[in-house]
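Structure first, then comments.
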Amino acid sequence: MLPTIASYWTGSDLSFFEQVVIRSFQDAGHAVRLYVTGPVGGVPAGVEVREAEALCPAPFPISDGDRTRVAVYSDLLRLHILREGGAIWADLDAYCRRAFDFDGPHVYGRNGRGRVLTGVMGLPPESPTLAALLAFLETDNPLIPWRGDAYRAEAAAKLARGESWTIADLPWGVSGPKGFTHFLRRNDEIRHAKPKEVFYPLIREALALLWRPGADPALIEPEGCHSVHLFGSTRRVVATHFAGLPPEGSYLAEICRRHGVDPTAAPARLLPWMQPRKG
Numbered sequence: 001m002l003p004t005i006a007s008y009w010t011g012s013d014l015s016f017f018e019q020v021v022i023r024s025f026q027d028a029g030h031a032v033r034l035y036v037t038g039p040v041g042g043v044p045a046g047v048e049v050r051e052a053e054a055l056c057p058a059p060f061p062i063s064d065g066d067r068t069r070v071a072v073y074s075d076l077l078r079l080h081i082l083r084e085g086g087a088i089w090a091d092l093d094a095y096c097r098r099a100f101d102f103d104g105p106h107v108y109g110r111n112g113r114g115r116v117l118t119g120v121m122g123l124p125p126e127s128p129t130l131a132a133l134l135a136f137l138e139t140d141n142p143l144i145p146w147r148g149d150a151y152r153a154e155a156a157a158k159l160a161r162g163e164s165w166t167i168a169d170l171p172w173g174v175s176g177p178k179g180f181t182h183f184l185r186r187n188d189e190i191r192h193a194k195p196k197e198v199f200y201p202l203i204r205e206a207l208a209l210l211w212r213p214g215a216d217p218a219l220i221e222p223e224g225c226h227s228v229h230l231f232g233s234t235r236r237v238v239a240t241h242f243a244g245l246p247p248e249g250s251y252l253a254e255i256c257r258r259h260g261v262d263p264t265a266a267p268a269r270l271l272p273w274m275q276p277r278k279g
């Protein structure tokens with residue numbers, strides 16, 4: 001039996017972008033479980049919906065849609081899902097091309113630039129990387145473990161002045177791919193990382209292939225590809241430049257046809273937490 005795919009959404013109904021990702025997993029034979037905070041409509045039939053904070057209470061406010069806090073909460077939630085067992089995490093921009101029928105519980109991939117991403121993430125509940133990453137995200141006043149003595153001295157001085165911080169106050173990506181890659185290396189679990197074409201065949205500079213009419217599908221879905229990461233920036237492009245709809249003749253339009261998703265019924269809209277980061 002194929003593993004359940006777990007994901008998370010908040011702040012709006014699902015657009016065609018998320019719907020086609022969910023349908024792609026369902027059509028490949030996976031059950032899908034969606035964790036939510038607040039009301040979420042447009043969920044495809046057959047999806048199991050659960051309240052995210054019943055499993056992982058948010059340690060900081062997320063109801064205001066702050067992009068950083070929502071992202072860090074998502075990073076934390078997926079770790080609790082993996083510790084519970086029985087599911088693989090996939091972001092709702094991780095389009096499934098082939099079933100995740102891998103041997104073994106380690107399911108994650110490289111981006112071709114020295115990092116392991118967290119858009120698709122499977123670890124056994126007893127994984128030392130999982131335990132270390134959870135401890136890091138949940139500790140008071142977390143310290144970035146790969147930083148040097150000067151950083152630690154500065155942090156100690158802040159504590160001495162009575163300052164405090166949470167994981168959401170650290171730089172973007174520390175709770176996600178940066179931390180994940182660090183702990184995978186430290187615990188010798190990075191050896192299980194799959195090559196980039198399995199989950200991340202497109203680098204960010206090539207994402208225009210997704211919305212450009214007539215793009216060669218072989219450039220997007222290379223041999224060995226199980227998932228095409230569409231990235232949230234693609235959703236922003238569609239919402240901003242194409243009235244929330246995939247251009248006719250584009251890869252995005254094609255995958256909607258593959259899975260019977262009508263984009264006009266659920267156009268992509270910009271949400272506050274999807275706005276580009278400042279600074």
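If you count the sequence shown from 1, position 169 lands on 169 in our numbering, and the numbers rise without skipping. Don't be surprised by glycine CBs; every beta carbon is placed ideally from N, CA and C. Every value quoted in this text rests on a predicted model; they were computed, and no experiment measured them.
Between which two residues does the alpha helix (DSSP H) holding R67 run? Start and end: 67–84.
Are the beta-carbon atoms belonging to V120 and W89 less than 8 angstroms from one another? In this structure, W89 lies closer than 8 angstroms to V120 by Cβ.
Rounded straight-line distance, which links the Cα of A135 to that of F199: Roughly 27 angstroms separates the two Cα atoms.
State the Cα-Cα distance for the pair T234 and A268, rounded to the nearest angstrom. Approximately 10 angstroms, taken between the alpha carbons.
Going straight from the alpha carbon of W9 to that of V20, what length do you get? Distance between the alpha carbons of W9 and V20 is about 14 angstroms.
For a quick check, are the C-beta atoms of L77 and A94 less than 8 angstroms apart? No, the pair does not count as a contact, with Cβ atoms beyond the cut-off.
Pairwise C-alpha distance: P39 and S63: Cα to Cα, the separation comes out at about 11 angstroms.
Among L159, H192, R83, K158, nearest to A132 - alpha-carbon criterion: If we check each option's Cα against that of A132, R83 comes out closest.
Three or more C-beta pairs below 8 angstroms linking the segment 186–204 and the segment 224–234: Three or more beta-carbon pairs separated by less than 8 angstroms link the segment 186–204 to the segment 224–234, which places the two stretches in contact.
Residue range of the beta strand (DSSP E) that W9 falls in? Taken as a continuous stretch (DSSP letters only), the beta strand (DSSP E) holding W9 covers 4–10.
My guess is that R23 and Y35 are in contact by the Cβ rule of under 8 angstroms, so how many angstroms apart are they, rounded? R23 to Y35, Cβ: 18 angstroms. No contact.
Whole-angstrom distance between C96 and T264, CA atom to CA atom: In a straight line, the C-alpha of T264 is about 22 angstroms away from that of C96.
For R110, the residue or residues it bridges with in DSSP: Per DSSP, the beta-bridge partners of R110 are V116.
Endpoints, the alpha helix (DSSP H) within which T129 is located: Segment 128–138, the alpha helix (DSSP H) holding T129.
Quick check on DSSP: helix, strand or coil for E48? In the structure shown, E48 sits in a strand (DSSP, three-state: E or B).
In its own chain, which residues sit with a C-beta less than 6 angstroms from the C-beta of F17, not counting the 5 before and 5 after it? The answer, listed in chain order, is R235, A268.
Check T37 in the structure and name its three-state DSSP category. Looking at T37 - three-state DSSP - the assignment turns out to be strand.
Since L270 contacts A239 with CB under 8 angstroms, what's their CB separation in whole angstroms? Right, the Cβ-Cβ distance comes to about 5 angstroms (below 8 angstroms), so this counts as a contact.
Assuming A28 contacts R98 (C-beta within less than 8 angstroms), just tell me the rounded distance between them. Right, their Cβ atoms sit about 7 angstroms apart.
Flag this pair as yes or no: are the beta carbons of I5 and A71 separated by less than 8 angstroms? For I5 and A71, no; Cβs fall outside 8 angstroms.
Beta-carbon spacing of G46, Q26 below 8 angstroms: For G46 and Q26, yes; Cβs fall inside 8 angstroms.
With respect to the alpha helix (DSSP H) encompassing H30, which residues constitute its N-terminal and C-terminal limits? DSSP places H30 outside any alpha helix (DSSP H), giving it a letter other than H or E.
Classification of E189 by the beta-carbon crowding that lies within 10 angstroms, buried from 16 upward: By the neighbour-count rule (16 or more Cβ atoms within 10 Å), E189 is buried.
Looking at C-alpha atoms only, which residue of P44, E248, L2 is the closest neighbour of D13? Among P44, E248, L2, the Cα nearest to that of D13 is on P44.
Given a threshold of 16 other Cβ atoms within 10 Å of its Cβ, counted over all protein chains shown, does H259 qualify as buried or as exposed? Buried, because 16 or more other Cβ atoms sit within 10 Å of the Cβ of H259.
Quickly, what does DSSP pair G42 with across the bridge? List them, please. G42 pairs with nothing; no bridge assigned.
If you follow the beta strand (DSSP E) that C96 is part of, which residue opens it and which one closes it? Per DSSP, C96 is one residue of the beta strand (DSSP E) stretching across 94–96.
State the Cα-Cα distance for the pair T166 and E138, rounded to the nearest angstrom. One Cα belongs to T166, the other to E138, and the distance between them is close to 8 angstroms.
Local conformation of V228 per DSSP, three classes: V228: strand per DSSP, three-state reduction.
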